[in-house]
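Going by my numbering, the first residue of the sequence shown is number 40, and it counts up by one from there.
Working notes, beginning with the structure itself.
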Amino acid sequence: MKIVLLESLGVSAELVASKVRKLEEMGHTFQEFAKNTDPEVQLQEARDADVVMIANMPLAQKVVEECSSLKFIDVAFTGVDHIPVAAAKERGIAISNASGYADTGVAELAIGFMIDLLRNVPGQEKSVRNGGTKLPGRLLQGKTVGIVGAGHIGKKTAALCKAFGCTVLAYNRSKVTDPLFDRQVSLEELLRESDIVSLHCPLNDGTRHLINAETLKFMKKTAYLINTARGPVVETAAVAKALQDGTIAGAALDVFDTEPPLPADHVLLQAPNCIVTPHMAFASVESMELRCDIVFDNLFAWLEGRQQNVVC
């Protein structure tokens, strides 16, 4: 089998080399390329590949359609909305993802955002740098946190919230039975009752712009919005306007409609009480190493005829 990795996995060369040695001992070939979003470059690099490995770089549809040897796409990421899944299904190409590798990293950042917003950490730092003194903040303890999407990351976030003494609500398309959640409610109920709304749902036709101008009106004026899921789950302009108008008290976003770097005139960069980070929730040393282990485990399992972490 010819296996190509189309972008770096963000780990040490030694760790990747240890995995490649095993592949070569099994008689397979492996090539690694630098990230390139040009469809023609991707097509050339993957031309004769049986397996394409990729992280969160968008994979060109023509790679799936025109690489006649392609049998397996091994995604070093949880979401697969950057992969032409429908085209892969049509051609019978298997896809696996790296589900679970960043659950803790994303949940920890969400908790950090909650504390930063409640304690006004950006404002406190600015005050100190400008020769000022402390500003009043609020505790996470006792707050109601609404988790939108009660999957693995949502549950991990809920567990951390419970440790801080929060009431935790869930909005989820399927029934939630985990005792970490105090109640499962409708989206409107969650938005109306929560002091903090934390998004942990996948991006699909049902969640695109789930948080928009109309749904933002349900939130308390004192409430905060956190998005560590996918950028288009929120309607960017509507969130910026809600912050400008005081419809909500603040927001923290790690994901956007496009990958950072953002243009200097991006509407969220001009919005008040808005913390922005460069899609970093998944990017801890520990998470990257676990991701590498999972994606190569997926590959070895598929080569042995037993696909795991199945997307299709």
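Think of the CB as a built atom: it goes at the ideal place given N, C-alpha and C, for glycine as much as any other residue.
Contact check, residue i vs residue j under 8 angstroms by CB: the rounded distance?
{"i": "Thr-261", "j": "Asp-234", "result": "7 angstroms"}
{"i": "Ala-115", "j": "Arg-330", "result": "5 angstroms"}
{"i": "Lys-110", "j": "Ala-133", "result": "7 angstroms"}
{"i": "Ile-333", "j": "Tyr-140", "result": "5 angstroms"}
{"i": "Met-319", "j": "Leu-48", "result": "With a Cβ gap of about 16 angstroms, Met-319 and Leu-48 do not count as contacting."}
{"i": "Asp-142", "j": "Lys-195", "result": "5 angstroms"}
{"i": "Ala-85", "j": "Val-43", "result": "6 angstroms"}
From the DSSP secondary-structure annotation, give me the bridge partner or partners of residue i.
{"i": "Lys-41", "result": "Thr-68"}
{"i": "Cys-313", "result": "Ala-290"}
{"i": "Met-92", "result": "Leu-44 and Asp-113"}
{"i": "Arg-222", "result": "Leu-208"}
{"i": "Val-236", "result": "Gly-185 and Leu-264"}
{"i": "Ile-250", "result": "Val-273"}
{"i": "Val-55", "result": "In DSSP, Val-55 forms no bridge with anything."}
{"i": "Val-349", "result": "Ser-135"}
Residue i to residue j, Cα distance in whole Å?
{"i": "Thr-275", "j": "Val-145", "result": "20 angstroms"}
{"i": "Pro-299", "j": "Asp-244", "result": "23 angstroms"}
{"i": "Leu-98", "j": "Gly-185", "result": "33 angstroms"}
{"i": "Gln-70", "j": "Gly-162", "result": "47 angstroms"}
{"i": "Cys-106", "j": "Ser-225", "result": "44 angstroms"}
{"i": "Ser-135", "j": "Asp-336", "result": "10 angstroms"}
{"i": "Arg-212", "j": "Leu-249", "result": "13 angstroms"}
{"i": "Val-207", "j": "Glu-164", "result": "29 angstroms"}
{"i": "Glu-227", "j": "Asp-284", "result": "20 angstroms"}
{"i": "Arg-247", "j": "Leu-292", "result": "16 angstroms"}
{"i": "Leu-199", "j": "Leu-179", "result": "11 angstroms"}
{"i": "Ala-127", "j": "Val-103", "result": "6 angstroms"}
{"i": "Val-90", "j": "Thr-68", "result": "10 angstroms"}
Would you decide whether residue i is buried or exposed? Buried here means 16 or more other CB atoms lie within 10 Å of its CB.
{"i": "Gly-188", "result": "buried"}
{"i": "Thr-183", "result": "buried"}
{"i": "Leu-308", "result": "exposed"}
Query - Minimum length 3: unbroken beta strand (DSSP E) runs contained in the stretch 113 to 182 - result: As for any beta strand (DSSP E) of minimum length 3 sitting wholly inside the stretch 113 to 182, the runs are 133 to 135, ordered along the chain.
Requested in this report: Let me know the alpha helix (DSSP H) ranges lying completely inside the stretch 296 to 344, each 4 residues or longer, listed in chain order.
Outcome: List check, alpha helix (DSSP H) in window: 324 to 342.
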